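Report on the structure given below.
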Amino acid sequence: MIENPAESLSPETLARLYLKRVYGFCRSMLRNDRDAEDACQEVFLTVLRRWDQLGTVHRPLSWLMKVSRLTCLWVRRKRRHEVAIEEAGIDAPCDPGPPIESGTERGRVQEALERLPERYQAVLTMHYQQGMSQEEISESMELSRGALRVLLHRAVMRLRQEVKKTCAR
Amino acid sequence: MCPLSDDALLDWALARGDADPAVDAHLLDCPPCRERSRAVLREQELLRGAFAEPASPTGLTRRVLPAAGSRPSLARLALAAAVLVGIAGLLAIVGTARHASEAVARGGRYRNAALAPIQSDLGAVAQKIAAARGTLPDPEEPGTSAAYIQLLSVEESLYIEGMAHYLAERAPLSAEQELELRRVIQSFNARIWNREDPATASRNFRGKVRSLLDDEQVLAFEEFSRQGMEWQWKTDLALLMDDLCGELDLRFSEAERVRRALESNYPRLDSPVLRVDRCPSDPLVESAALSGAVRNSLDTSYQRKFDSYLGHVKVARDRAQKLLRKMRSPE
């Protein structure tokens, strides 16, 4: 773990270390290679601009994911064909049913993921793809550990529900 | 009925190494729950697979980052080390910030807590000055300059206030000394604004300070001044980078090259006090070596934008200087 990048690395080295992870996150959130690449550029430009600030960041991955998420939101708003972010539906109760069956095709899961609100997509991507700890994700999303646990739990339940709908079609 | 709910089981699976040990204990003793937990774990495995990191497109590193494959040279590492040592020293610095933005406002980075509010105010004023400078009308037009001059005065006062705080902890000034020092600093600025040679004005200023303060106070003042200049160099560089990134709409690879060009060529001011008349972009029009290095670091597609940026900086700087000469004259 790089504790304090500004005291041990150059922005270029930090970018090299995290480029693929940032790209992976942006690609998952934006579902478009070109947009993901542009978002990556923006993220690392932000690193360069806020390099001083990084001196006080103890978890560069959390910080980078926070910047990546905000950048992706900005790109999604800009391209205007964003699926509506159903913030109102985030906390709505749902009946998710049993766990997703292991034989389910990945494509169906990915299709279901696209229909989730942005916050759910972000938290699931950080958890499953980036392998971030709950502590890291809560820092990145500026949530308490408890709130993060609830968000993650609800995101999985909602994903189960959406996968079920996808499979029923 | 078994007490372990579906929700608890999902939380257990999501928590990984941080899971509730009571759930682990229960699973050891309860075969039906163990079976349910296996289904949840299989789901987790499936989701990890579905979220697998997408392959990066060919050439991503080359497009996003500069000079793919290169590693920092020893010279760069040495430079970085020197800069870091400098930064460590500067953390103790007082409110000598000028044209500082967010970094300045983070009072927590300064060991002298009493100075944090001054530092924050200086940052806010500096931002206003930079913004005002960009929109200054022609100084020949009547009634245009009062607000700008007022901002510079506020910055000057804040700087003096910060200095007094710094000295108060090391070699306190008497009320008369502080008043006189304030007057000498204002006089120095007025001389600079009226095109007196900065080296001569600095010599003159230092002479006055030595006659005004005792040896210990002079040492403290010089330390304050030295740290301030170091800090200002770094802050100006960061702000100029920020400005260039925004104005030229640079990509990361370009910005990284510009940063290197600035680090190697951005001049260090040899001034005994904060130069409230200067903006971070001024050295670009004052030093052909700096502007040339920055221009050469840019791809040709950005060079025209850079030339236009330089033109705007020059106009704004000339207007500000004309204004200052008109508004303040040396004693």
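Protein sequence lines, in the order shown, are assigned to chains X and R. Remember, the working numbering sits 795 above the position in the first sequence when you count from 1. Remember, the working numbering sits 55 above the position in the second sequence when you count from 1. We put the beta carbon where it would ideally sit given N, CA and C, even for glycine. It should be emphasised that the depicted structure is a prediction, and the values quoted were computed from it without experimental measurement.
For residue i, report the span of its alpha helix (DSSP H) as first-last.
i: residue 88 of chain R; result: 86-105
i: residue 935 of chain X; result: 929-935
i: residue 898 of chain X; result: Looking at the DSSP string, residue 898 of chain X is not in any alpha helix (DSSP H), and its letter there is neither H nor E.
i: residue 938 of chain X; result: Taken as a continuous stretch (DSSP letters only), residue 938 of chain X belongs to no alpha helix (DSSP H), as it is neither H nor E.
i: residue 108 of chain R; result: Segment: none, residue 108 of chain R is in no alpha helix (DSSP H) and carries neither H nor E.
i: residue 201 of chain R; result: 201-225
i: residue 830 of chain X; result: 828-844
i: residue 57 of chain R; result: Per DSSP, residue 57 of chain R belongs to no alpha helix (DSSP H) and is neither H nor E.
i: residue 813 of chain X; result: 806-825
i: residue 347 of chain R; result: 343-352
i: residue 244 of chain R; result: 230-248
Under a CB-based cut-off of 8 Å, is residue i close to chain X?
i: residue 95 of chain R; result: yes
i: residue 150 of chain R; result: The predicted model places residue 150 of chain R with a pLDDT of 34, which falls under 50 and marks its position as unreliable; any figure quoted below should be read in that light. Not closer than 8 Å to any Cβ of chain X, the Cβ of residue 150 of chain R fails to qualify, so no.
i: residue 98 of chain R; result: yes
i: residue 69 of chain R; result: yes
i: residue 307 of chain R; result: yes
i: residue 60 of chain R; result: no
i: residue 165 of chain R; result: At residue 165 of chain R, the pLDDT of 32 sits below 50, so the modelled position is not reliable; the number obtained from the coordinates is stated separately. By this cut-off, residue 165 of chain R is not an interface position.
i: residue 144 of chain R; result: Note on residue 144 of chain R: pLDDT 38, under 50, position unreliable in the model; the coordinate value appears next. Closer than 8 Å: no.
i: residue 376 of chain R; result: no
Verify whether the separation of the beta carbon atoms of residue i and residue j is less than 8 Å.
i: residue 917 of chain X; j: residue 870 of chain X; result: no
i: residue 210 of chain R; j: residue 184 of chain R; result: yes
i: residue 318 of chain R; j: residue 807 of chain X; result: no
i: residue 954 of chain X; j: residue 911 of chain X; result: yes
i: residue 361 of chain R; j: residue 839 of chain X; result: no
i: residue 297 of chain R; j: residue 844 of chain X; result: yes
i: residue 901 of chain X; j: residue 958 of chain X; result: no
i: residue 94 of chain R; j: residue 855 of chain X; result: no
i: residue 98 of chain R; j: residue 895 of chain X; result: yes
i: residue 266 of chain R; j: residue 328 of chain R; result: no
i: residue 395 of chain R; j: residue 103 of chain R; result: Within the shown structure, residues of chain R are numbered from 56 to 386, placing residue 395 of chain R beyond reach of any answer.
i: residue 268 of chain R; j: residue 232 of chain R; result: yes
i: residue 899 of chain X; j: residue 101 of chain R; result: yes
i: residue 222 of chain R; j: residue 276 of chain R; result: yes
i: residue 867 of chain X; j: residue 809 of chain X; result: no
i: residue 961 of chain X; j: residue 907 of chain X; result: yes
Starting from the beta carbon of residue i, find every residue of chain R whose beta carbon is closer than 9 Å, and list them in chain order.
i: residue 818 of chain X; result: 108, 109, 111, 112, 115 and 119
i: residue 897 of chain X; result: 94, 97, 98, 100 and 101
i: residue 823 of chain X; result: 106, 108 and 109
Listing by chain order, which chain X residues have their CB less than 9 Å from the CB of residue i?
i: residue 311 of chain R; result: 805, 806, 807, 810, 839 and 843
i: residue 296 of chain R; result: 843, 844 and 846
Can a CB atom of chain R be found closer than 8 Å to the CB of residue i?
i: residue 832 of chain X; result: yes
i: residue 948 of chain X; result: yes
i: residue 885 of chain X; result: Below a pLDDT of 50, predicted positions are generally treated as unreliable, and residue 885 of chain X, at 48, falls in that range; no measurement from the model is reported.
i: residue 919 of chain X; result: yes
i: residue 893 of chain X; result: yes
i: residue 862 of chain X; result: no
i: residue 956 of chain X; result: no
i: residue 910 of chain X; result: no
i: residue 859 of chain X; result: no
i: residue 870 of chain X; result: no
i: residue 953 of chain X; result: no
i: residue 901 of chain X; result: yes
Which residues in chain X sit within 7 Å of residue i, going by Cβ to Cβ distance?
i: residue 73 of chain R; result: 929
i: residue 66 of chain R; result: 944 and 948
i: residue 314 of chain R; result: 843
In chain X, which residues lie less than 8 Å from residue i when you measure between Cβ atoms?
i: residue 85 of chain R; result: In chain order: nothing, as chain X lies at least about 17 Å away.
i: residue 300 of chain R; result: 840, 843 and 844
Find the residues of chain R that neighbour residue i, judging by a C-beta separation of less than 7 Å, and give them in chain order.
i: residue 923 of chain X; result: 102, 103 and 106
i: residue 835 of chain X; result: 119
i: residue 916 of chain X; result: None at all; the shortest Cβ gap to chain R is about 10 Å.
Run down chain R in chain order and give the residues with a C-beta less than 8 Å from the C-beta of residue i.
i: residue 814 of chain X; result: 111, 115, 116, 119 and 120
Can you check the stretch 285-337 of chain R for any alpha helix (DSSP H) of at least 4 residues that lies completely inside it and give the ranges in chain order?
Correct list: 307-320.
Pick out the complete beta strand (DSSP E) segments inside the stretch 253-284 of chain R, 3 residues or longer, and give them in chain order.
Qualifying beta strand (DSSP E) stretches: none in this window.
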